[in-house]
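First comes the structure, then the notes that go with it.
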Amino acid sequence: MIRQRAPVAARLQLALAGIAWLLSAATASADSFDLWLARLRQQAATEGVSQTALDLTLQHLQQIPDVLVQERRQPEFTMSFTEYLPKVVSQRRIDEGRKMMDQYGKLLRRIGITFGVQPRFIVALWGVESDYGRVKGSYPVIRALATLAYASGRRDFFRKELIDALRIVDSRDAEVSEMTGSWAGAMGQCQFMPSSYLRYAVDFDGDGRRDIWTNEADVFASIANYLANLQWRAGQTWGRQVLLPAGFDPGLIGLQSDKPLIEWRRLGLRNPDGSMLPLANLRASVVAPDGPQGPIYLAYANYKSIMRWNRSTYFATSVGLLADQLGSR
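Last residue of the sequence shown: number 325 in our numbering, and the count goes up by one each step with no gaps.
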């Protein structure tokens, strides 16, 4: 995973997260893992998980110490956007993405029409999340989530995700051995957390399973369904790079400042070549991943949908720029 450089506020959050983790670990140690696991099993049963699934997943379950090491290295903010972008939107990834657009063109068009999401954005998200299915993560998801639910700084969040992972096993959508992912429990080629899987994963080929690990039809449809539920607008793009005029008010930078495109024209924003912005009937916000001195973008409604997928301007901007490259031929 590529890291970004943290601003002061993010470093403060990291310090506070470290304190929270220490307090959480100290609290967790008051109960043995086995006792904690027994209580979790009782809760999951109360919430409808079958005894068969509980026996299959929780019997002899052990923690993964490396998961907590990975958590303490977060948040991922040790690199500027200017450094990050060419690593995520590399020429290799662009070329590979174009091949994937050709290889799966018919399927992607069908899914795009079904869910109202342009294929280039489906493939761009696939590429950024897992390098087109190559990097799915190898951590056993249930063990990783149990480790985090027991001793991390966000135990309540991971406990809910763990119970949702048990529900996935109970539904027989995936075998326990198939459920691998990131250290934080993000699964498959689209890196869904268990809760996202339960809400948005799709069995597009009708084989009776929602397989986001090995079935590209299900992967693409699940990505598209997720975006559709995030109020994706099929007739619009994500945004564009722009130039700021001299003396631009930095207080207008950020997703909280949402204005019609014509208003940004009036304020002096221009295309990178100096030409005027289009007169499209769109609202937009100014996004500056590296601050006012770095590259500047106008972000439309679809950008904000991508931000609801992953709340990182680095991530959302990279997905948008990769999608532009995939659709530029």
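Glycine included, each C-beta is placed from N, C-alpha and C at the ideal position. In this text, all values refer to a predicted model and were calculated from it rather than measured experimentally.
Residues of its chain near residue i, where Cβ-Cβ distance is below 6 angstroms and the 5 sequence neighbours each way are ignored
i	result
A217	I107, V198, F200
R229	A297, N298
T309	V283, P285
L226	S301, R304
E125	C186, Q187
Beta-carbon gap between residue i and residue j smaller than 7 angstroms
i	j	result
G235	Y293	yes
L322	G112	no
D169	R195	no
T53	V137	no
R266	L248	no
W179	Y135	yes
L257	A276	yes
Pick from the options that is closest to residue i, judged by C-alpha positions
i	options	result
G290	T78, L57, T53, Q38	T78
A280	K255, R205, R69, R130	K255
D269	P241, S76, E171, D207	P241
L104	A213, L57, P246	A213
L317	T233, L275, D245, R307	T233
G149	T210, S86, R69	R69
R163	P288, M96, V45, A220	V45
S86	E259, E43, D127	D127
M189	D91, K95, N306, P61	N306
T210	K132, M97, E43	K132
G204	S167, S271, Y193	S167
Q237	E67, E259, S271	S271
Inter-residue Cα distance where the pair is residue i and residue j
i	j	result
L81	R89	12 angstroms
A41	V65	30 angstroms
K102	M175	29 angstroms
S76	F117	24 angstroms
L326	L57	Outside the shown range of the chain (-3 to 325) lies residue 326, about which nothing can therefore be said.
Q38	W32	10 angstroms
G177	F311	19 angstroms
R35	G202	37 angstroms
P288	D245	10 angstroms
K95	T110	22 angstroms
I208	Q55	25 angstroms
D91	Y100	14 angstroms
P71	P61	Bear in mind that the predicted position of P71 carries a pLDDT of just 44, short of 50, making it too unreliable to give a figure here.
Y193	E67	22 angstroms
E43	D27	22 angstroms
S253	E259	11 angstroms
Presumed contact (8 angstroms Cβ cut-off) between residue i and residue j, rounded CB distance
i	j	result
L334	R261	This structure gives no information on residue 334, because the portion of the chain shown stretches from -3 to 325.
V215	G181	Incorrect: roughly 18 angstroms between the Cβ atoms, too far for contact.
S314	V63	Actually they do not touch by this definition, with Cβ atoms about 26 angstroms apart.
A295	A120	That pair is no contact at about 15 angstroms.
Contact set for residue i: own chain, Cβ-Cβ below 8 angstroms, skip 5 residues either direction
i	result
Q59	F29, R139, A142, T143, Y146, A147
S191	K156, E157, D160
G129	W122, Q185, E212, V215
V165	A49, L52, T53, I138, E171, V172, M175
S324	none
Q47	A41
M97	L104, P115, R116, V119, L322
Same chain, Cβ closer than 7 angstroms to residue i, neighbours up to 5 away in sequence not counted
i	result
Q114	G108, A230
A224	F111, G112, V113
I219	I118, L121, W122, C186
F153	none
Closer than 6 angstroms: residue i CB and nearest the ligand PLP heavy atom
i	result
D91	Absent from the structure shown: the ligand PLP. Ligands present: none.
Chain B within 7 angstroms of residue i, Cβ atoms only
i	result
D254	The structure shown contains no chain B; it is built from a single protein chain.
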